[in-house]
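So the sequences go chain by chain: A and B. Residue 1 is where the first sequence starts when you use our numbering, and the numbers rise one by one after that. Residue 1001 is where the second sequence starts when you use our numbering, and the numbers rise one by one after that.
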Amino acid sequence: MTEQPPQGPTTDLSAVHLPPDAQQRLTRMRQGTQLFTSDLSVNEFLLVREAGFRPVGLVLGSSVYHVGLQMARWGRNMEMDRLTQAMYHARELAMTRMEAEAHELGADGIVGVRLEIDFKEFGNDLAEFVAVGTAVVGDEPPPTGGSWRNNRGLPFTSDLSGQDFWTLVQAGYAPLGMVMGTCVYHIAHRGPFAALQTMGTNVEIEQYTEALYDARELAMSRMQAEAEALHAEGIVGVQLLSLPHRWGGHTTEFFAIGTAIRPLREDHVIATPQLVLPLTDGGRG
Amino acid sequence: MADAGDELRGVPPVAVDRVRHQRDSGVRGSLLSAPAAAAIRSADLEPVGEVFGCIVITLGWLPGSCGYAYGWNRGGGWGGWSGAWSGGVPGTAGGGIAGGTTRAGGPGLGGPGFRMAPAGWQGGGRGWGGYVTPVVVSGDMTSSRFTWAQPYAEAVEHAIGESHRRMLAEAAALGADGVLGITRQTRSIDGTGHEYSSLGTAVRHVDPRWRREAGKAPWAATLTGEDVAAAASAGYGPAGVAFGYSLALKHEDWQLRQQRGSFSNLEVDGLTELLTAARADARRSLAREARGLGGAGEVVVRDSSLRTFERPCTGEDKDLMAEALFVGTVLVRHPAGPRGSGRTLTVLPLTPPSAPATRRGR
Chain A
1 MTEQPPQGPT TDLSAVHLPP DAQQRLTRMR QGTQLFTSDL SVNEFLLVRE AGFRPVGLVL
61 GSSVYHVGLQ MARWGRNMEM DRLTQAMYHA RELAMTRMEA EAHELGADGI VGVRLEIDFK
121 EFGNDLAEFV AVGTAVVGDE PPPTGGSWRN NRGLPFTSDL SGQDFWTLVQ AGYAPLGMVM
181 GTCVYHIAHR GPFAALQTMG TNVEIEQYTE ALYDARELAM SRMQAEAEAL HAEGIVGVQL
241 LSLPHRWGGH TTEFFAIGTA IRPLREDHVI ATPQLVLPLT DGGRG
Chain B
1001 MADAGDELRG VPPVAVDRVR HQRDSGVRGS LLSAPAAAAI RSADLEPVGE VFGCIVITLG
1061 WLPGSCGYAY GWNRGGGWGG WSGAWSGGVP GTAGGGIAGG TTRAGGPGLG GPGFRMAPAG
1121 WQGGGRGWGG YVTPVVVSGD MTSSRFTWAQ PYAEAVEHAI GESHRRMLAE AAALGADGVL
1181 GITRQTRSID GTGHEYSSLG TAVRHVDPRW RREAGKAPWA ATLTGEDVAA AASAGYGPAG
1241 VAFGYSLALK HEDWQLRQQR GSFSNLEVDG LTELLTAARA DARRSLAREA RGLGGAGEVV
1301 VRDSSLRTFE RPCTGEDKDL MAEALFVGTV LVRHPAGPRG SGRTLTVLPL TPPSAPATRR
1361 GR
């Protein structure tokens, strides 16, 4: 199936309705009492400052979504397109609301975005999709001219840590936006006859291999398509996750997410790092 | 140093004894790891002792109910509000909080605060319809139908603040200037008592110029020793810990049930609104508290949690609740200015990538 999931966020963020509470809070933040909130760690905050960005506030978008029902054919490999749509649409709602909050703050971008799914106690088919990040404003426009915002006029988004963000900017790249692709796939059950035939032998179960390939390919190509729409040079920090959620063993969501980037200048050099052997235990950042 | 007994008002006698003993013995405890201890030394801080604050409270609800169960949330023959089932999520073309959140009550219907379900939700032809019950946050409870929940919200908020204050009182009695590495814990004892506790390491500035003035509360930070040192090297110092707590309630209404029972994909407006309201209110009170701590403070690093639960209302009906807590450390410019060079040194650690560079493990 080549059909694309719903299109990305609309460009006009001022049309997104924010709850009155959020609007008041954001207006106060914008009116420049210096206080801002962020969920960056101290190190990340300092690095983001050093990269030439000023945090302006924590931004958050949330959507509680009822994921619909879809019956799978027991013995068939198939994409559960209704579930795919749900997972995509709900994430997009959360992301767009977060972007709208950042837009209200006059932000150029959002760093350290976390996109989480939380199944609530309220019911099995209900999940909360949350996007949280820290909105930042660039001290100066990018060296290439233009704006830090992406070609849709949206604040850039990035799920990179402050450390990675710093490194990226140092090396002459800028994030454009988080891109994602998802595919909820039902892997066929094998009939008793097929199972009997392979009993006791070590053979590839082509049906399963094929299903897993298909599903991942779909997710990744959708992510790719989003990056192309942003005119990105590439995608960094891609995670390819398989999330079983709550649909039982044979239905799984394959989710690809990464940060699309563009070059800021021709050369991409970064100072040679010094090697250190920390005397702290490995678990400490 | 002021008399310990004075600063330790409200702290149990056994803790007062321990603090007095700790102060007099000169043995200084700390919860810091060795690297953290070394790090804070670089920021000119030294540990004074570990400090603890705790309060055990009972949590309950006043008798009463919101009364939204009676008639308000049933489908009924409200003529004129029928329309074709749209199947879509209203207002989501731009990804908005679905329509209706600010819509006023329908003509001549309902009391203040009631809203009609957005038109898109009206079922086909036979007068399905219903009211959307409002979301109420703890700040506005007094004038709402959820006054029965107010003592609960107040008790939780008090407990969070009180355990923190008791910990700070111990630190003050030890003559500390601040407390860092604060961790909080909540647990339930036999299901009736709820313990809220805070634990941290009290520290003192080595340089007498930065010592705490008598009568002022010590500063506090949920940051680790390493983080405090990093902040100090960039010229920031912690001013205190701010808490933002909120409880939001909503009676499970017709619209909610409708959306949950559906076979199609859709956003559950009421729940989105509930969780958004809880978080927004908590963030508002966090900012208020942070502003009080830092004046024109500069940074709040924070962590947050959200818990949802439900409580039977009347009959089969339920009240849905969301409890949000945001905790943040307020950092302010330290008068001493940055200690470090201010430039980042790029290093490549020779350790396995167990501590991921990205935030994924956070």
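We put the beta carbon where it would ideally sit given N, CA and C, even for glycine.
- Residues of chain A whose Cβ lies closer than 9 Å to the Cβ of E1267 of chain B are, in chain order, S63, V64, Y65, H66, H89, A90 and L93.
- Here DSSP, grouped into helix, strand and coil, assigns W166 of chain A to helix.
- Taking 8 Å as the cut-off, the beta carbon of A219 of chain A is found no closer than this to the beta carbon of G172 of chain A.
- Neighbours of L60 of chain A across chain B, judged by C-beta separation under 7 Å: R1279.
- M87 of chain A places its beta carbon 8 Å or farther from that of V238 of chain A.
- Identification of chain B residues near N43 of chain A by a Cβ-Cβ cut-off of 8 Å yields D1227 and A1230, ordered along the chain.
- For V276 of chain A, the residues of chain B that pass the 8 Å Cβ criterion are V1347, L1348, P1349 and L1350, in the order they occur in the chain.
- Taking a cut-off of 8 Å on C-beta distances, the stretch 1239–1250 of chain B touches the stretch 1286–1295 of chain B, as three or more cross pairs fall below it.
- K1216 of chain B sits exposed, since fewer than 16 C-beta atoms from the chains shown fall within 10 Å of its C-beta.
- Annotation: Cβ neighbours of Q1259 of chain B in chain A (cutoff 7 Å, chain order): H66.
- Taking the Cα positions, G1175 of chain B is about 9 Å away from P1218 of chain B.
- Counting only Cβ-Cβ distances below 9 Å, G1067 of chain B has no contacts in chain A at all, with the closest Cβ about 22 Å away.
- Per DSSP, I270 of chain A lies in no beta strand (DSSP E) segment and is marked neither H nor E.
- For F1263 of chain B, the nearest beta carbon of chain A is closer than 8 Å to its own beta carbon.
- Secondary structure at T37 of chain A: strand, using DSSP grouped into helix, strand and coil.
- Counting C-beta atoms within 10 angstroms of its own C-beta, I1040 of chain B has 16 or more neighbours from the protein chains shown and is therefore classed as buried.
- Within 10 angstroms of the beta-carbon of H268 of chain A lie fewer than 16 other beta-carbons, which makes it exposed.
- DSSP lists B:A1324 as the bridge partner or partners of S1246 of chain B.
- Closest by C-alpha distance to Q70 of chain A, out of A:L60, A:Q85, A:G57 and A:P141, is A:Q85.
- Here V1135 of chain B really is in contact with A1248 of chain B; their C-beta atoms are around 6 Å apart, less than 8 Å.
- Looking at the DSSP output, T1308 of chain B sits in a beta bridge with B:A1322.
- Secondary structure within the stretch 63–122 of chain A: the beta strand (DSSP E) runs of 3 or more consecutive residues, fully enclosed, are 109–119 (chain order).
- Within a 10 Å sphere around the beta-carbon of G1181 of chain B sit 16 or more other beta-carbons, which makes this residue buried.
- Listed by position along chain B, the residues whose Cβ is nearer than 7 Å to that of P273 of chain A are T1346, V1347 and L1348.
- About 5 Å separates the beta carbons of V56 of chain A and V137 of chain A, which is inside the 8 Å limit, making them a contact pair.
- Within 7 Å of the CB of L46 of chain A, the CB atoms of chain B belong to A1230 and A1234, in sequence order along the chain.
- When DSSP assignments are scanned along the stretch 1164–1230 of chain B, the uninterrupted stretches of beta strand (DSSP E) that are 3 or more residues long and fall wholly within it turn out to be 1178–1189 and 1193–1205.
- Rounded to the nearest whole angstrom, the C-alpha separation of G145 of chain A and R265 of chain A is 11 Å.
- Within a 10 Å sphere around the beta-carbon of G234 of chain A sit fewer than 16 other beta-carbons, which makes this residue exposed.
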